[in-house]
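Numbered by mature numbering (1 follows the signal peptide of the UniProt record, and there is no 0), the letters in the sequence shown go through residues -25 to -1, 1 to 156 in order. As structure tokens, the structure follows; a few thoughts come after it.
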Amino acid sequence: MRLLLPISAFCALASIGTLASPAHAALETGAHAPDFTAQASMGGHQFSYHLADALKTGPVVLYFYPAAFTKGCTIEAHDFAEAIPQFKEMGATVIGISMDPIDKLTKFSVSECRSAFPVAADPNGTVTNSYKAKMPAKHLASRTSYVIAPDGHIVLSYASMSPDEHVERALAAVKALKAGH
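Listed below in structure tokens is the structure:
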């Protein structure tokens, strides 16, 4: 099944740069998002996260980040935590993924994610590789954000090592997606 957006939503996505492929991009918009299950933590509580289950409730903002407790990743986690009410208003959920071990992410989920959204562990890089979000020659994820429509197609693919625009672009893509329904 293909995601069909009305012209207005298509133009809105194009205007925020979501249809252009980022420099070290990841999966492109329109691609089908690979399903995954990963060990996650939210508010210090570990659980199994399954993308297909999350998509049943609405769009998913999936973002990859290099390492918990580093400067850029902490800024990004704070930004996403502050924006969670806006994402929820539009029926979207957020999950962050890094190649850190789950024990480290359990602490990160409380202190930096402010118990507002889950973070998942991908220590072997399986999920990170499937989303083409692994840094070359390093055991780290690149800073890459996706917005995945409920039908499993990617409507935003944005890669930048700066944490500055990830939340803003994700919010704009979810808003355009919601307007397209």
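The C-beta atom is built at its ideal place from N, Cα and C for all residues, glycine as well.
Using a Cβ-Cβ distance under 7 Å, would residue i count as near chain B?
{"i": "residue 16", "result": "No chain B appears in the structure shown, which is made up of a single protein chain."}
Whole angstroms is fine: what's the gap from residue i's alpha carbon to residue j's?
{"i": "residue 15", "j": "residue 154", "result": "30 Å"}
{"i": "residue -4", "j": "residue 82", "result": "Because the pLDDT of residue -4 is 37, which lies under 50, any placement of that residue in the model is unreliable, and the number read from its coordinates should be weighed accordingly. C-alpha separation (whole angstroms): 31 Å."}
{"i": "residue 25", "j": "residue 8", "result": "13 Å"}
{"i": "residue 12", "j": "residue 97", "result": "10 Å"}
{"i": "residue 126", "j": "residue 57", "result": "27 Å"}
{"i": "residue 108", "j": "residue 94", "result": "16 Å"}
{"i": "residue 140", "j": "residue 86", "result": "22 Å"}
{"i": "residue 79", "j": "residue 37", "result": "19 Å"}
{"i": "residue 147", "j": "residue 88", "result": "21 Å"}
{"i": "residue 67", "j": "residue 152", "result": "10 Å"}
{"i": "residue 84", "j": "residue 52", "result": "9 Å"}
{"i": "residue 10", "j": "residue 103", "result": "12 Å"}
{"i": "residue 20", "j": "residue 77", "result": "10 Å"}
{"i": "residue 31", "j": "residue 50", "result": "29 Å"}
{"i": "residue 27", "j": "residue 100", "result": "19 Å"}
{"i": "residue 113", "j": "residue 45", "result": "16 Å"}
Between the beta-carbon of residue i and the beta-carbon of residue j, is there less than 7 Å?
{"i": "residue 65", "j": "residue 149", "result": "yes"}
{"i": "residue 39", "j": "residue 70", "result": "no"}
{"i": "residue 157", "j": "residue 43", "result": "This structure gives no information on residue 157, because the portion of the chain shown stretches from -25 to 156."}
{"i": "residue 129", "j": "residue 35", "result": "no"}
{"i": "residue 41", "j": "residue 115", "result": "yes"}
{"i": "residue 106", "j": "residue 2", "result": "yes"}
{"i": "residue 59", "j": "residue 92", "result": "yes"}
{"i": "residue 142", "j": "residue 62", "result": "no"}
Note down, in chain order, each residue of its chain lying with its Cβ closer than 8 Å to the Cβ of residue i, except the 5 sequence neighbours on either side.
{"i": "residue 47", "result": "40, 41, 118, 136, 137 and 138"}
{"i": "residue 110", "result": "41, 116 and 117"}
Which same chain residues end up closer than 6 Å to residue i when comparing Cβ atoms and leaving out the 5 residues on each side of it in sequence?
{"i": "residue 90", "result": "18"}
Short of 7 Å in beta carbon distance, which residues of its chain neighbour residue i, apart from the five on each side in sequence? Order them along the chain.
{"i": "residue 5", "result": "128 and 129"}
{"i": "residue 33", "result": "66, 67, 68 and 125"}
Pull the bridge partners of residue i from the DSSP assignment, please.
{"i": "residue 120", "result": "38 and 133"}
{"i": "residue 71", "result": "38 and 94"}
{"i": "residue 21", "result": "16"}
{"i": "residue 114", "result": "DSSP lists no partner for residue 114."}
{"i": "residue 128", "result": "7"}
{"i": "residue 109", "result": "116"}
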